[in-house]
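Notes follow once the structure below has been shown.
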Amino acid sequence: MQSNIIYHYMKQHSVPELLSPAGSAECLTGAVSAGADAVYLGGVKFGARHYASNFTEDELVSAVRFCHARGVRVYVTHNTLVKESEIEDSLSELLFLFSIGVDAVLIQDAGILQLAKSLIPGLAVHASTQMSVHTKEGVRWAEENGVERVVMAREVSIDEVSAISRSDDIRAGTEVFIHGALCYCYSGQCLISSLTGGRSGNRGMCAQPCRRQFSLLCCGEDDNADLQKCRPLLTKGDYLLSPKDLCSYENITDIVNSGVKSLKIEGRMKDPSYVAVVTDRYRKAIDESARKNIKGSIVSEIDHKSAADDLMFAFNRGFTPGFLSGSSFGDMISYKKSGNAGVEVGVVQGYSQRSKTAEIKLYGTLIPQANDGMMAKSGKAEEGFIMRAPFTLAGNSLKVRMPFVPETGSRVFITRRDALEKEAERIIARDGSIPEKIPCTITLRFDGKIPVCSVSAIIFGREFFSEVKGWFEMEMARGRPLTSKELKKIFSKTGGTQFAADEFIIDYPGRLFAPAGLLNELRRKLFYSLEDVVYNYFRPSEDEIKSVRENIDVVLRYLDDDRPAGMAGSSSGSFNPGSLSLMNTLKSGILSPAEGPADNISLFCIVSDYWGAMAAFSGGADTVCIEPFIVPGKSSTVREISGLFKSVAGNMPDGCRLIWKWPKITGKKFLEFAVPLIKELSGKGFSGIMAENAGDAFAIRKIYPDIQIYGGPGLNLFNSFSALNLGRYFNSVIVSSELTGDEISLLDRNLCRQEKRPSSGIIVHGAAEISVSKINILSSVQDQESLCRGSYFLKDIKGHQFPVSIDGEKRTHIFNSSDTCLIDYLPEILESGIDFIAVDSRNRNADYCREICEIYKAASAGDSGMATSAKYRIKDISPAGITSGHYRKGV
71 MQSNIIYHYM KQHSVPELLS PAGSAECLTG AVSAGADAVY LGGVKFGARH
121 YASNFTEDEL VSAVRFCHAR GVRVYVTHNT LVKESEIEDS LSELLFLFSI
171 GVDAVLIQDA GILQLAKSLI PGLAVHASTQ MSVHTKEGVR WAEENGVERV
221 VMAREVSIDE VSAISRSDDI RAGTEVFIHG ALCYCYSGQC LISSLTGGRS
271 GNRGMCAQPC RRQFSLLCCG EDDNADLQKC RPLLTKGDYL LSPKDLCSYE
321 NITDIVNSGV KSLKIEGRMK DPSYVAVVTD RYRKAIDESA RKNIKGSIVS
371 EIDHKSAADD LMFAFNRGFT PGFLSGSSFG DMISYKKSGN AGVEVGVVQG
421 YSQRSKTAEI KLYGTLIPQA NDGMMAKSGK AEEGFIMRAP FTLAGNSLKV
471 RMPFVPETGS RVFITRRDAL EKEAERIIAR DGSIPEKIPC TITLRFDGKI
521 PVCSVSAIIF GREFFSEVKG WFEMEMARGR PLTSKELKKI FSKTGGTQFA
571 ADEFIIDYPG RLFAPAGLLN ELRRKLFYSL EDVVYNYFRP SEDEIKSVRE
621 NIDVVLRYLD DDRPAGMAGS SSGSFNPGSL SLMNTLKSGI LSPAEGPADN
671 ISLFCIVSDY WGAMAAFSGG ADTVCIEPFI VPGKSSTVRE ISGLFKSVAG
721 NMPDGCRLIW KWPKITGKKF LEFAVPLIKE LSGKGFSGIM AENAGDAFAI
771 RKIYPDIQIY GGPGLNLFNS FSALNLGRYF NSVIVSSELT GDEISLLDRN
821 LCRQEKRPSS GIIVHGAAEI SVSKINILSS VQDQESLCRG SYFLKDIKGH
871 QFPVSIDGEK RTHIFNSSDT CLIDYLPEIL ESGIDFIAVD SRNRNADYCR
921 EICEIYKAAS AGDSGMATSA KYRIKDISPA GITSGHYRKG V
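Residue numbering for the sequence shown follows the working numbering, starting at 71 and increasing by one per position.
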């Protein structure tokens, strides 16, 4: 019982929560049985793992009941981007989740975040890692939007997270991934799967193209990015974008002591065995770290080497401690293999054709065991087999039958540990589906001859109580009556439940009898009723649900018709006085739109340097956004940036605007450099900042409340409520390139109804930025001396070539192989209600910038002759071809 008390004590104290994945009901049982403090799972819609088994509404009710009755919290993923047409379904699901008492929902969409906190104030919200929060300012922005916890980007180090978590001005909890698959790109910013295969990661349908083979090409400065002149670079392998799996086991004590609120295991697509084993090993390691904090020095009861091996056996692509623990670029990528790597244990030294037996020289202490899954690998050829008896082991020499002839020198791997799978089965089958049973007090008394039993237990740190009265009378015994000891034995049976009878209190008049079956049924009803009490405790009242439903109805009527119900011209029914105040709340704090031409659609052009800026102005752009190459902290950078903007401003046409575009991902070092520089640039023709992250806008507004901030495509704007919410920080926004023309039109139609709103635009041309990674792809090159001073491209197995650039902080930016070109659709775009169109000409020469701007300027002014011939000219100057992206097909 002592270990039981320690276990439940630690669950209630300042030990970080262990959060496990539950992609199915079986995985849920595995996570809870192995000791997870909380689980995260998804419904059938709006979750970022569309291809997991996921949970129906009935299954969600069962999951919440099951978990809460065991002291385990339930978080539901609602973390895809939501289209304007899906808002009603999204709110309906959020209302349902609120009604069943989930502990929190994870959200990516800024509009759904605002609606959830405004309409369902009792529903806790966690910011999904898909929100790309990677700075303290990002956490502050999330807090201002009512977020209780932020799942930090995987690229943030534990020192950075700890500093944020322990900040006096931060109230929200932080959550970090500690184990599982890593994305190459910052989560929420990847469009590789979307634009190359039509399956959007932001919609939960990533096809994992980063796990495919790529080659890296280099074009010299004199080649003018001519794809025909590019030469391949010798890299460390073919899987240049496939990260190893994160494993923080060796660093778990530092993470436990960092101030982080929750430690998250990735794996909603994994099987129950994986979930059970990984949760169990981290549970034990976290608890040991916590005991050290409580007692000081202790003798470890864990074989940490064996536990680390078990994590490898469960699944691995090779392990890395990740950016969380300061891993370098070169340690992050699994260059040779993108799937489960297994554990290498030896090498084939010979093979006997007569006995069909291979001799394997083992490397060390990891010994294959009976029924293990094995693999022999030679070059790229792989063959699997099972360790079947008979086999012999003498020293480090293993002789085993193989159903094929392996090449001498083949490397041998264990790919499945049979004993570990059997242990996982035992974990999942634990009595009551809990690692340590919950102590309870059972009381039995009598109302006349009717038994009345009650039970109390401490769950989630509070005492829950339930009482059940028998539906039958016990009889006066004709023979031997039941004794108090026998009644105690019957009512203290807790097998199959999560409870353990810690105390039994009885007030028994004696001389009574009833069949054991009736009394057992009464006991079962008692424990079920306690589960009912716990489940209902976390559910809102009917009045709260009714109030939320009324709030949602207001928004749905607003989406149908912006006029309040009951007002003139509306057919929506009786007027609800709360409608106006609710909608005013949703719209409050919105900034004035960015300035632009009074009657015309504005033309933005995004460029990389002075020559691109001047060419864009020459081509008719009235707003130019420069994203210069910046090395934060370099002493000359301030002078260079200041000189650049002064030079451009001194030569740009009257009435035009000059914007400083910030990178899609910034960070503490960049913000410390860039925010003070804004003051230096003021008065030099500088009109504002384009930022692609809400945390950046928060940092700017804190110092410069009146500055114009333009939102970039990294904001992932999918609906009008996102525009309204982001409009508190941005004067303008760019809608997502994953929306169709019809979806953009519906969004803008609702947005244009507002008296006060941010201006909105769409990128009509340019190579879309499809990935930004903290991993410097040039670190994959074996001979660093072979790197050139020109352009880089990634080439996939289909021959598509994707431009690559490396920024001043060594992040990798990948652009689509084809240029987005919406010239054919420009007339309907101009009628959709948008305020500006944008051309992305970063990393292009000045002639290209000027000509593209000329084409779109003329076409947007109604020059039909130009529009007719424009597409042919654009094809001529776009060597990799053009695409309409998702404008017609969508995601």
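Even for Gly, the Cβ is constructed at its ideal location relative to N, Cα and C.
Source: prediction; values computed, not measured.
Inter-residue Cα distance where the pair is residue i and residue j
i, j, result
"Q439", "I170", "46 Å"
"R609", "V172", "8 Å"
"F1004", "T693", "Residue 1004 cannot be examined here, being either before or after the span of the chain that is shown, 71 to 961."
"N721", "R727", "12 Å"
"D776", "I182", "27 Å"
"P663", "T485", "58 Å"
"L589", "S103", "28 Å"
"Y145", "S397", "29 Å"
"S237", "I729", "32 Å"
"A769", "V745", "8 Å"
"S359", "N327", "8 Å"
"K340", "N386", "12 Å"
"N795", "L185", "9 Å"
Boundaries of the alpha helix (DSSP H) in which residue i is found, first to last residue
i, result
"C510", "Unbroken run through C510 is the beta strand (DSSP E), 508 to 517; no alpha helix (DSSP H)."
"K716", "707 to 721"
"M684", "680 to 688"
"E839", "That residue, E839, is in no alpha helix (DSSP H); its beta strand (DSSP E) goes 839 to 843."
"A916", "916 to 930"
"L751", "738 to 751"
Buried versus exposed call for residue i [16 or more other C-beta atoms within 10 Å across all chains shown]
i, result
"G659", "exposed"
"I356", "buried"
"R301", "exposed"
"N215", "buried"
"I63", "No information on residue 63 is available, as it lies outside the stretch 71 to 961 that the chain covers here."
"P585", "exposed"
"G329", "buried"
"W541", "exposed"
"I566", "Sequence check: residue 566 is Gly here, not Ile. Flag for G566 reads exposed."
"R424", "exposed"
"I847", "buried"
"P279", "buried"
"S611", "exposed"
"I520", "exposed"
"M402", "buried"
Sequence-distant residues of its chain with Cβ nearer than 7 Å to residue i (five each side left out)
i, result
"A638", "Residue placement at A638 is flagged as unreliable, the pLDDT there being 32, under the threshold of 50; a coordinate-derived value is accordingly withheld."
"S672", "G666, D692, T693, D905, F906"
"M71", "Confidence at M71 is low in this model, with a pLDDT of 43, below 50, so its placement is unreliable and the value that follows should be read with caution. Closer than 7 Å at Cβ, skipping near neighbours: no residue."
Element boundaries [beta strand (DSSP E), containing residue i]
i, result
"R219", "219 to 221"
"F534", "532 to 539"
"R593", "Per DSSP, R593 belongs to no beta strand (DSSP E); it is in the alpha helix (DSSP H), 586 to 607."
"I91", "Sequence check: residue 91 is Pro here, not Ile. Taken as a continuous stretch (DSSP letters only), the beta strand (DSSP E) holding P91 covers 87 to 91."
"G416", "413 to 422"
"E163", "Element bounds for E163: not the beta strand (DSSP E) but the alpha helix (DSSP H), 157 to 169."
Residues of its chain near residue i, where Cβ-Cβ distance is below 6 Å and the 5 sequence neighbours each way are ignored
i, result
"A378", "Y319"
"R143", "A108, D173"
"V217", "V195, A197, A242"
"M275", "H120, R269"
"I840", "L261, I262, L265, I884, N886"
Close Cβ partners of residue i (< 8 Å) along its chain, the five nearest in sequence each way excluded
i, result
"T305", "S285, L286, Y405, S850, V851, Q852"
"F534", "S526, A527, I528, L600, V603, V604, Y607"
DSSP three-state assignment for residue i, whether helix, strand or coil
i, result
"P521", "strand"
"W732", "coil"
"H956", "coil"
"V701", "coil"
"M546", "strand"
"L35", "The requested residue 35 is not part of the displayed model; the chain covers only 71 to 961."
"F116", "coil"
"F385", "coil"
"A180", "helix"
"R727", "strand"
beta-carbon residue i near the ligand SAM non-hydrogen atom, thresh 7 Å
i, result
"G216", "Absence of the ligand SAM is noted for the structure shown, with no ligands found whatsoever."
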